[in-house]
Each structure stands twice: as C-alpha cells, then as structure tokens.
Amino acid sequence: MNWKIEIVLYLLLLANALLALGVRNLLAAAVAATAFTFTVALLFLSMGAIDVGFTEAVVGAGIVGVYFIAAICQTTRKSRD
Amino acid sequence: MPENWIAHAPFLAVLVSLAATPLILLASRRPNLREFWTLLAAAVKFGLVLSLLPAVRAGGTVEQTLLTLAPGISLGFRVDAFGLYFALIASGLWILTSFYSIGYMRGNSEEKQTRYFASFAVSLSATIGIAFAGNLLTFILFYELLTLATYPLVIHKENREAIRAGRQYLAFALSAGLLLVVGSAWIYAQTGSLEFEAGGMLSGGDHPAGMMRVVFMMFLAGVGVKSGIMPLHSWLPAAMVAPTPVSALLHAVAVVKSGVFGVIRMVGFVFGPEAMGAYGLNLVLAVFAGVTVILASLIAFQQTNLKKRLAYSTVAHLSYVALGAALLTQAGFTGAILHISAHATMKITLFFCAGAIYVHTHKSEIGELDGIGRSMPWTMGAFIIGSLGLAGLPPINGFLSKWFLLQGSLDAGLLAAMGVFLLSGLLNAAYFFPIIMRAFFRPSPAGEKPFGEASPFMVVPLCLTAFLSVALFLFPNLFVNLYDLAGLAVSGITGGEGTP
Amino acid sequence: MVDFIHDNYAYWAIMLLLVIGLYGMLMKKNLIKKLIGMVIFQNSIIILFVTAAYKWGATVPVVDPGRSTDEIANYLNPLPHTLMLTAIVVGVAIVGVGFAIVISIYRNFQTLEEPELLERMK
Amino acid sequence: MTGDHSVVLIPVIFFTAALLVPLCRRGSRRWPYWVALVSSLLGVAASGEALWRTLSTGEAIHYHLAGWRPPMGIELIADPLSAFFCLLITVVTVFVLWHGRSLVESETPGKAVPFYSCVMLLLGGLSGILLTGDLFNLYVFLEISSIAGYALVAIGDKRAPVASFRYLILGTIGASLYLLGVGFLFMTVGSLNMGDIASVLQTRAMSPVEISALLLIVLGIGVKMALFPLHGWLVDAYTHASSTATSLIAPIGTKVAAYVLIRALFYLFDTDLVREGIPVMNALAVMGAVGMLWGGVLAMAQTDLKRMLAFSSVGHVGYIALGIGLASPLGFIAAVLHTLNHSVMKAVLFLICGSLRQKLGDNALDSMNNSLRLRMPWTMAAFTLAAISMIGLPPTAGFFSKWYLVLGSLEQGKWHWVIVIVLSSLFSVVYFFRVLERVYLRPQEGAEEEPAPARDESRPSMLAPVLILSASLLLLGLGNVMIVNHLIRPMLPAGF
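Taken in order, these protein sequences are the chains called U, Y, Z and W.
The letter at position 19 of the first sequence is residue 19 when you use my numbering, and the numbering goes up by one with no holes.
The letter at position 352 of the second sequence is residue 352 when you use my numbering, and the numbering goes up by one with no holes.
The letter at position 25 of the third sequence is residue 25 when you use my numbering, and the numbering goes up by one with no holes.
The letter at position 187 of the fourth sequence is residue 187 when you use my numbering, and the numbering goes up by one with no holes.
Okay, structure coming up:
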C-alpha cells in the first residue's frame, strides 16, 4: 500500500535478479532466485493480490527452489559465468 | 453413340498411354507382353486421335472439360486444327518409334527397358495433352509432366555424363516451367481467363507495354528451353547420351516439338499476331530464332559425332519454326506448321539411321562410316532422303515447308529472314553431304566384311518414315489431311483465308 | 519528479526485470542460469499483470462490510489475479520440464556449459 | 445431444487420453498405443462433425464452459477456420500414429508410455488453441502444447535434450511475449474474450499500447511458428527428435501457430489498420520471403535428409507468412491452402524418414543409393510424389497454393514476391533432386560384386499411411477448387 515499501521491494527484486544471474556458485544462484520469487510474493501481497502472493510463495518460491536444489544435486554446482 | 465417343476422345487419347504405364510396369518380366501393351496403346491412341479428324476438318473444335483446376480455369481440352495436327504427328510416329525401340533395345540388350517403355508412354500422354490443352494451365500441367517423364529417358544410361545432362535438362526445363506459370498468372490477373484463343488472348486489350515485353520474354524462355532457342539449347546436344530412339523421340516427336508447338501457341493464340506486331515482340523472337538457325548450323558443321551433328541440326531446324511464326504472315505460319511435320519425319529418319548403324556396327563417329552405304543400302538410302529434305530439296516435304517460309519472309518484307533460310539450307547441304560421300563413295576400311542390314524392326520403320517424307511432298493431304489442318490452323490465327 | 516516479516506477522496474530475464535466457552460457533467467522473465510478466490490476485506494476483492460494493473503484479487479494463478502454475511446470531436460543433458554429456556441450556433441 | 458438446469434446478427449495412457500401461504393452489411436479417431470424428455443422449452418458454434457467458466465462468457438484446422491436425495424427506403431518401440525403447501421453497432451493443447475464444486461455493451451512438445522432442537421440532445451528457452520467450501482448490488450480494452476485443478494436483507432500489444503477439507467435529470424529452435529440434515425434510436430506444430497469427491479424485486430497503419503485414511478408530463400539455401547444403526437410520447413513457413502478409483474399486462401498442403507433404516426407531410418539406421544422404529403389520401390515412389508436390509442379497440391500466392502478389503488383517464389521453388528443385538422384541413380559402392538387393519394403502398417497421404496430394491438387470454394471461402473474415 505504501509506495515507499514497493520501491524497496522492486529494488530488492532487481538486486536479487542480478545476483542470481551473476554468481558463479549455482547453489548461491538458486538461493538468490528463490529469494527473488519470494520478494515477488511480498510484492503481490502489498498490491492486494493475496491469493496470488500465497501461490507464488508456495509454488513459485517453494517448488521452484526445490527444483533448483534437486537439479543442482543431480548435476554440478559450478558454473563458468 | 458416336457423338459421345468423340466428346470423350481427347481425354481418352491422353489417358490411354497413361493407363498402359502400369501394365507395362507389371509386365516387366515378360518383354513380349510389355511390348504388346506399348504397341496396343500406340495403336489405340492413334485411332482415338484419328476419330477426331472429321469434326475438326469440318472447321469445328471438340471441347471437353474435366474439372476445375483453379477458379475460372478448368482442366479442359479443346481440339482445334493445330492441336490435332500435332497430335496426329506425335501419335502416328509413336507407333513407328515403338517398333523401332523394340528392335533397338533388344539389339543393344539395354538394361532398364521397362522403365524406358513406361516413361515413353507417359511422355506421349503428356505430348497429346499439350496438343489438346484448351488453356494455358492445362498446357503447363502437361508440359511439366513431359519434363518429368522425359527425365528418365535422358538419364537412361546412368553414367556420369548422362546424369549431368539430366541435371542440366531438369534445371532448364523446370525453371522454364516456373516462368511459364508466372507469365500465365500475370495474364490471368490481366484478362481473367487463360483459354487459348485463335488470334491471341492478349490482342485487342490495352496492356502496359513494358509488362508485355517482360511477360513475352518469360514465355519465350518457357517454351524456348524445350524448343532449343539458342542460349537455352545446351541440354539438347547433352541429352544425346540417351539411347537413340530417345533421341528420335526427343528430337522429332515429343519434347522439342512440344517446344515449337508451344512457340506457335504463344505467338498465335496467347499474344496474337496483332499484339506481337504492335509491341515489336516478333522482332525479338525473329532475332533469337535467326541467330539460333545460323549458329547451330555452323556448330553442327564442326561435330564429328553423328548424333551430335544431328542434334545441332535439330536445334537449327526448330528455330525455322520459331522464325516462321515470327514472320506473322499467313505463309510464314503455314510454313512453320508444315515444318513441324516435315522436320519430324525427316529427322526421325536420320536418327533411326544413326541408331541402326550404332546397334549394328557400334559406329557413332562420322569418320568411321566409310563405305557403309554398300553394307546397309536401305538405311543409308533413307539417310539420303532425310538429309536432302532437311536441305530443302524437292521431292521431299522439307521443300514444301521451306517454300512457304521463304514466301512468308518475302510477304513480311524481312529479307534478313529469307537470307537466314537460304544460308542455312546451304549449310545443311554442306554438313550432310560429307556423310553421304563417305558412305557411298569411300572404300570400306581394310579387312571389314560386308555386314548387311540391321534387324527389320529397325529398318522397316526408318524406311517408312523416309517414304512418308517423300509421300507428304507429293500428296500433302495423304492419309490424314495434314495440309488441310495446317491451313485451317493458319486461317484461325490470322483470321484470313486458309489455304494460300 | 516525485510524481513521475510515483506514477511509473513499477513499469520501469518491470521493464528492467524483463530485460534482465531476457539477457539471462539468451546470453548466459550455463543452462541452469538460463532457467534462472526464465524464472525472472516469467515472474516479471506476472508482476505486470498484477500491477495493471492494482488501483490506488482499492482493497482486496473480498466483500468488506465497511465499503460499498456498488463502487467499482473500491475493489481490485480479481480477474487478473485468478489468471496469474494459472500463469504461475504453468510457469512452474515449464521450469520443471526445463530441469528434467537439463538433468538428462548432464547425463548424456557431463556438462552444463553451452560451448563445451556443442564441442561434445560433434 | 453430442451435437452441442462436440466442440468441447475434442480437447477433453485428448486430455483424458493423456491421463489414460499411463494408467492403462498395466493392461498390455499395446494398450497405450490403442488408447492414443482411438482417441485421435474420436477427435477426427468430433472435429469433422463440428466442421460439417458450422459449414452447413453457416454459423460458428459457441460453447460456454460451465454455462458462464462471455465476457466473464470462457467460450469455445468452432468456426470454419478453427474446425478445419482441428480436423487437419487430428487426421495427420491418426496417420502418424498408424505409421509409428512399431517405430516408437524400436526407436525409443521403453518410452512408449510417456511418448503417447505427450502426444495426447500435445493434441489437447493444440486443439485447445484452435477452439478457444479467450486470449489468456489460448496462452495456457499454448504452454500445455509446448510442454508436451518439449518433452516429445527430448525423447529422441542423444542430442535431442539439447535441441529440446533450446526449443524450451525460445518457446518460452515466444509464449511470454504473447502473454505480455495479451496483458497490454487487457489493460486498455479490459477484456480477454476475442469477440469482445475485436468489437472494441475494430471500431476505433489503436492506441500505442495496443500497437505494441499487436507487435508482441506477432513476435511471440512468430517464434512458435518459426518465422524466419526466429526459427533457431526448429532445425535441431526436428533433426534430433525421434522420427515419429518429428513427423507429428513438423506438420502440425507450426501450422497451429500460423492459425493464431491468422486469427489475430484477420479477426482480432482491424485488418485494414494492420495493413496500412502499421506495416505489420509488410514485415510479415518480408520475413516470410527471406525465410523462403534462407530455408531453401540452407536445405541445399545439408547432408542429412531430416535436417534438409527441417530447413525446407523454415522455407515453407515463409510461404504461409507471405500469404498472410499479402492481406488479401487470395493471400488468405494461399496461406490456408498451403497450411493444408504443407502439412500433408511434410507428414509424408517425415514419415518416409522414419521408414528409412528403420531400414538404414540413419537419414544421412550418404547412405542412400540406388539400391533403395529396388528395396523400397513404393516408399520411394511416395517420396518422389511428395517431392514433386513440394517443388510445386501441377497437378500436385503444392502447385496450387503457389499459384494462389503468385496471383495474390500479382494482384497487388508485387513482382518482387513472385521472383522470391520462383527462386525458392528452384531451390527446392535442387535439394529434392539431389536426394532423388541418389535414390534412383547413384550406384551402390562395390555393387558389381554384390547381388542386386532384394525387395525389402517397410511393413504394411508403415507403408499404407505413407501411400494414402501421398496419393491424397494428387487429390488435394485436383480438388483444390472444391476446397477453396467450400472450405476456405467461408473462412474469409467479414471485411473481405
């Protein structure tokens, strides 16, 4: 509701996105990506889309996070870029 | 009901050899049955074409529409005098060529004979389709079918050379087909119709001049490939690697004649003499054709291989027809149309002779022919008749057509065309004379025994065609009224009185 | 100035996120990084929809006894929200397929880096 | 009774089958196959019935899901265009499944169950795209079919997952761009129902937001359709997927995207505005034309039959785009007719790829020589016919779509398109005759010593669909006027 909070959330989103794409350790990238989706969920809550926010938190952040971890466990943690 | 028969005859005539194709393929293990099918189809086809003669001679046309191909355009046949004229020549000579091929293929124990006879049958189907096509799209349809059907014939030997020739042939012919399609599409967009019209479907209308020229060039290239007009002729001598009856078929009956048939259809029925003259298109055609006549004759002069020499001679003679049509006069058209049949009978004779010599003695170079006339008098006698006719001497039908062509160039006031015809006649004599000299007046090579004539399957057809050439001079209306048909066709195109 | 930021900051941020996501999908060489880019890209589109449905001063689309239900401006449009629920699920499904494929690529070629992958495929 | 529901039945049949296939695995090894085949046959029947009904009444069939009326509820619409495409994809699927019965088992052993499940999911998604009247719903179906498509491609040779991953990335970008476009439209128009939006958009000028929505939708669908600069995913995906998967995806996947493009440009947005206001149509035509040439040139350079056909697909998608880009009735007819023709031609060609792969082990052009004409004469005859149709010689089907395209270009005086069509036809002559020359003429190495190869035709269940489809190319060609007059003309949007 407060646009100042929203701006903070957006900045957090940008930072998380850049971080997720930037770090070389894939596990760290996965954590950043999960943080990104979780921030998105918070943003939805702040915009009154409560149902979307919860779904995003559970499905987006939760399941995608699990996917990432599972995939990285099955493959490798290192990345060149 | 006889009327009903005639209404369906065009389609049946096209269909009969197509229908024979599976039978030929199925009988691949039994040569006698296979050749029986070929001959039967040839005879039935000739009969069907003949059955159309009375109606057309009376000045009418036989029309038949099968189905709609594209909106406003049907797959339709319309047999007019000109189409019937061509169909008669093609189907008549098919019978002879079939007999001859049987002798040739067996004598030479060629492989893949079944494929040969099958493609042959399809080619004839396509040729009759071209002759009877009532509109441009139907014409193109059979034109492309002919391209595909003759491809196996061109590559018959399947060696490197043959495959290269086949590639060249396909590249040229399919590109030409595409240009025809585009040109027809333009005409359709302009006039809303693709029906052939005696006198030209484009004449009378007001069309942009630049576009007319471009489209004319497309059509010229389109039919020019098959009729061997000069920059597009190179596949023709290359296709010489095909077996000889194929050369005979390519050069006298089907492919190249459909090309020049297309030229006359284009001049007389698509653009029309009036529009041709108005836009100066006839001069373009005349220049291309004239240059081809002279250059091809000169090149023929230099060839040492008999079949190659005949091939270049063919290129030259095809352009006679184109040049005759370009004159746009009554006599010019008459000469052009008559030259189709004249050249057909004469050139097929010559190729039959070359093939008979090759099968019998395996000689293909002109230098090897010393004294051969004494061993094979009938064959070489026919050869003399054919070559004299091509040079334009009486009493052979080549004289007749040339006479009209010369008269046509006088009427048109194109003395250059006249010069071309005369010069080419001299060149013809010059390149055929040495062959005859060798055959009859040089001694045979030392140690060679007289080997006698080739198999009657080959000698009889070639004598028949030579006889035909003479007979058609003496009695131009013999058998099938070719002369009258030509007159009817010309009067349709020029709108004047038919027989000059 | 404040007004301008106030009116548009969301769209600017979303555009930036879209570009970042696209960059990740197309330019990153690591396959998992590409998938992360995809997650960012999809989520920013979802944010766009939700932002578009957002109205200042409106409340969640649940009937509030204190507000009139006749006044449309009092409530958010719930339609984009429901749509985005579907979009999130679809997006996750795609990411799931992506991971399955990544794992099978790794089994076949033992690498997740695109240049090495192309090298080993020859 | 079924009359009212046949529209909704089509996707429902396929989604049910997608679930049934894994369930009935326990019954017998053959069950998944039969479930898939029977549901495709049911799909053919249902879409045929829908097509017949909408053509005979002249009205589109509207079905409101769960009874909610649009614009609130979601509606399914079967008009001649969508019903026709439905029939097309289901018929092609029947033939592909018929052909693939033994091939799927032999090429991807042990993966038959996921394979058939994915096929059914793909079909469900595609038929959903065709039938839905709601833009967002279309996105969902698009993604469903894409997921199935990615999975199908991934079930292939060793490199297939890589190709599939690239397909996934690009496909997701495409779908997301489409969703973005839909979002923009939703923001300004406030509806997602196609009819609703059309009634708004066609009465007033478009705002910049709506124009960017249009561009995003065209771009996004362009990726799915493999329009020229966006075709990067197609070639590898087609090459490395299993034979049956390719012969399924190639004929119908890009065509459904073409349908979305037609739907958007001719029905959703104001066609005149799209043609003249913003040069979207021209851009499409240019992309199509460049794609025709590009696909042709690269097809000539390939050494693998399947890859060559994939590039030729890029070229032929260009034909469809060019037809759409002409934005005239003739162009529309050409586009739809070519969709039909190309589906059948490509189905034949890729099915033959499958038959060859079973006999030769691969699709490399190098392994083909003239022993094939003796071993598989019928298959090769079908190949020749399909190749002739691809080149576009009359009276095969391929000629007529080109004919309408040429007429359409000439009608607008656009000679440059005619030149492009001619050139691309020449390219296809080159690349198809390269194959035909090998098959019919190139001698087998060391053929002198070996005896002539015996007849070794593929089994009847693989030969029959190939022969029927290729024979139908002649019928489609000769019957094109009937198709145009009775099927395609009723599809023309009202303004034409």
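Glycine included, each C-beta is placed from N, C-alpha and C at the ideal position.
- If you check each beta-carbon in the segment 64 to 79 of chain Y against every beta-carbon of chain W, the ones closer than 8 Å belong to Leu67, Thr68, Leu69, Ala70, Pro71 and Leu75.
- For chain Z, the residues of the segment 145 to 161 of chain W that bring a beta carbon within less than 7 Å of one of its beta carbons are Ile147, Tyr150, Ala151, Ala154, Lys158, Arg159 and Pro161, in chain order.
- Rounded to whole angstroms, the separation of the alpha carbons of Leu76/W and Trp68/W is 11 Å.
- Counting along the chain, Thr68/Y sits inside the beta strand (DSSP E) bounded by residues Val62 to Ala70.
- Here the segment 193 to 213 of chain W makes contact with the segment 129 to 141 of chain W; the two share three or more CB pairs at distances below 8 Å.
- Between Ala151/W and Val92/Z, the C-beta spacing is not below 9 Å.
- Sequence-distant Cβ neighbours of Gly58/W in its own chain, meaning closer than 8 Å and more than five residues away, are Pro490.
- With contacts defined as CB atoms closer than 9 Å, Ser444/Y and Asp370/Y qualify as a contacting pair.
- Your pair Gly288/W and Ala321/W checks out as a contact, with CB atoms roughly 3 Å apart and the cut at 8 Å.
- For Phe399/W, the nearest CB of chain Y lies under 9 Å from its own CB, placing it at the interface with that chain.
- Contacts with chain W at 9 Å (Cβ-Cβ) do not include Ala275/Y.
- Taken residue by residue, none of the segment 20 to 47 of chain W has a beta-carbon sitting less than 9 Å from a beta-carbon on chain Z.
- Looking only at Met380/Y, Leu427/Y, Ser401/Y and Leu194/Y, the smallest Cα-Cα distance to Pro71/Y is reached by Leu194/Y.
- For the C-beta of Gly98/Z, the chain W residues within less than 9 Å are, from N- to C-terminus, Tyr150, Phe165, Leu168, Ile169 and Thr172.
- Per the C-alpha coordinates, the member of Thr39/U, Val31/U and Arg24/U positioned closest to Arg80/U is Arg24/U.
- Under the Cβ criterion (8 Å, minimum of three pairs), the segment 42 to 50 of chain Y does not count as touching the segment 140 to 153 of chain Y.
- With respect to chain W, the C-beta atom of Pro115/Z has no partner C-beta closer than 9 Å.
- Tyr106/Z reaches chain U at Ala71, Gln74, Thr75 and Thr76, counting residues in chain order whose Cβ is nearer than 9 Å.
- Per the coordinates, the alpha-carbon of Leu390/Y lies some 19 Å from the alpha-carbon of Val255/Y.
- Taking a Cβ-Cβ cut-off of 7 Å, the neighbours of Glu143/W in chain Z comprise Val90 and Ile94, given in sequence order.
- Under the three-state reduction of DSSP output, Glu49/W falls in the helix class.
- Below the 8 Å Cβ cutoff, chain Y contributes Ala189 as neighbours of Glu411/W, in chain order.
- For Leu295/Y, the closest of Gly272/Y, Tyr358/Y and Tyr320/Y by C-alpha to C-alpha distance is Tyr320/Y.
- Taken in chain order, the members of the segment 28 to 52 of chain Z whose beta-carbon sits within less than 7 Å of a beta-carbon on chain W are Leu31, Lys34, Met38, Phe41, Gln42, Ile45, Leu48, Phe49 and Ala52.
- With respect to Pro395/W, Leu340/W sits apart: the two C-beta atoms are not nearer than 9 Å.
- Linking Met292/W to Ala331/Y through their CA atoms gives a straight-line distance of about 48 Å.
- The segment 222 to 230 of chain W makes contact with the segment 164 to 173 of chain W: 3 or more CB pairs, one atom from each, lie closer than 8 Å.
- Here the alpha carbon of Ala133/Y sits roughly 56 Å from the alpha carbon of Phe184/W.
- When only Cα atoms are considered, Tyr143/Y and Leu393/W end up about 10 Å apart.
- From the listed residues Leu467/W, Phe84/W and Pro493/W, the smallest Cα separation to Phe350/W is found for Leu467/W.
- Its chain contains Val7, Val8 and Leu76 as the residues whose beta carbon lies nearer than 6 Å to that of Tyr63/W, once the 5 sequence neighbours on both sides are disregarded; these appear in chain order.
- The beta carbon of Val40/U falls within 9 Å of a beta carbon belonging to chain Z, placing the residue at that interface.
- About 18 Å separates the CB atoms of Ser425/W and Leu69/Y; that is not less than 8 Å, and the two are not in contact.
- Under the three-state reduction of DSSP, Ile61/W is assigned to strand.
- With at least 16 other beta carbons inside 10 angstroms of its own, Cys118/W counts as buried.
- When CB distances to chain Z are screened at a threshold of 9 Å, the residues of the segment 184 to 204 of chain W falling below it are Phe184, Phe186, Met187, Gly190 and Leu192, in chain order.
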